[in-house]
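Data first, discussion second: the structure below is written as structure tokens.
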Amino acid sequence: MTAVAGFDFAALREDIVVAAAAAFAEISASQGDDPVRAFALYSDAGAMTVCPAMATADYLRRIDNEYPDERLYYRYSPSEWPLEGVGADEQFGRLCDRLREHVFALGDEDARFADFKTRLMDTMVESAESLRKQCFAGLGEDFVVLATISDDDEPAAELNRRVARLNSPAVAAEFAAWSRSWRD
67 MTAVAGFDFA ALREDIVVAA AAAFAEISAS QGDDPVRAFA LYSDAGAMTV CPAMATADYL
127 RRIDNEYPDE RLYYRYSPSE WPLEGVGADE QFGRLCDRLR EHVFALGDED ARFADFKTRL
187 MDTMVESAES LRKQCFAGLG EDFVVLATIS DDDEPAAELN RRVARLNSPA VAAEFAAWSR
247 SWRD
């Protein structure tokens, strides 16, 4: 992915991976015996942010016990995770500044914004894929990696494609089964 509409997505991808790896290391070190078991990169509907979110083993166990009927919602909803928007704060702050400046520069050009938003999500997925291989390898088949938009209802088919691309077949199957329940 190269520069598009004056924005260098290749550089953004590299910077996201560096910031996310730093956030993961920072939060993992602070959690002691409670390892991080889920990691997400998320943006907003306005495509002005990219942020990390993490959930630990204890959090996921607690949710399983306290909310068994809603455990999958909490497992796959980074906006509900206790470690949302934390880690490598300065690095992610600079990334958000870059995104916001570019979105404002686009003005009222809806087609250019839509293209930018799509490319941003593609870049986040590529970044998460790199993290899966570089930082999360060896953490187990049940380690969850997501890339999503926090304040938007994305199509289930698109979310399923991302989850399948970034996770083990077992995680992808669990997510797909849960997403089918949304229609009920």
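Going left to right, the sequence shown walks through residues 67 to 250 as the numbering used here numbers them.
Ideal placement from N, C-alpha and C gives every residue a C-beta, glycine not left out.
Treat the numbers as computed from the prediction; the structure is a model and nothing was measured.
Can the beta-carbon of ALA113 be found closer than 8 Å to that of PRO144? Numbered from its first residue, the sequence shown carries residue 113 at position 47. Numbered from its first residue, the sequence shown carries residue 144 at position 78. In this structure, PRO144 does not lie closer than 8 Å to ALA113 by Cβ.
How is the beta strand (DSSP E) around LEU252 delimited, first residue to last? Nothing can be reported for residue 252: it is not among the residues displayed for the chain, which extend from 67 to 250.
Starting from CYS162, follow the alpha helix (DSSP H) in both directions and report where the run begins and ends. Counting from 1 along the sequence shown, the entry for residue 162 is found at position 96. Element bounds for CYS162: 155-172.
When the cut-off is 8 Å and only beta carbons count, does PRO235 lie next to chain B? The structure shown contains no chain B; it is built from a single protein chain.
CA nearest to the CA of ILE93, picked from GLY173, VAL210, GLU150, ILE215: Start at 1 with the first residue of the sequence shown, and residue 93 comes out as number 27. Closest by alpha carbon: GLU150.
Apply the 10 Å Cβ neighbour rule to THR189 and answer buried if 16 or more other Cβ atoms are within range, or exposed otherwise. For the purposes of this step, residue 189 is taken as residue 123 along the sequence shown, with counting starting at 1. Burial call: buried.
Under a three-way DSSP split, which group does VAL116 fall into? If you number the sequence shown from 1, residue 116 lands on position 50. Coil.
In DSSP terms, what GLU150 is bridged to: Within the sequence shown, residue 150 is the residue found at index 84, counting from 1. DSSP output for GLU150 lists ALA119 as bridge partner(s).
Nearest-angstrom beta carbon gap, ALA89 and GLY153 [assumed within contact, 8 Å]: Here residue 153 refers to the residue found at position 87 of the sequence shown. Here residue 89 refers to the residue found at position 23 of the sequence shown. The Cβ separation is near 3 Å, so the contact holds.
Can you tell me whether SER193 is buried or exposed, with buried defined as 16 or more other CB within 10 angstroms of its CB? The residue labelled residue 193 in the question sits at position 127 within the sequence shown. That one is buried.
On the DSSP bridge assignment, give the partners of TYR133 in chain order. Counted from its first residue, the sequence shown places residue 133 at position 67. None; TYR133 has no bridge partner.
Hey, ALA87 and CYS201 are a contact pair by Cβ (cut 8 Å); roughly how many whole angstroms apart? Position 21 of the sequence shown, counting from 1, holds the residue named residue 87. Position 135 of the sequence shown, counting from 1, holds the residue named residue 201. 5 Å between Cβ atoms; contact.
Throw me the rounded Cβ distance for the TRP244 and TYR142 pair, which I believe falls under 8 Å. Position 178 of the sequence shown holds residue 244. Position 76 of the sequence shown holds residue 142. With 8 Å as the limit, TRP244 and TYR142 qualify as a contact, their Cβ atoms being about 7 Å apart.
Based on the DSSP secondary-structure assignment, which residues constitute the bridge partners of ALA106? Position 40 of the sequence shown holds residue 106. DSSP output for ALA106 lists ALA119, LEU212 as bridge partner(s).
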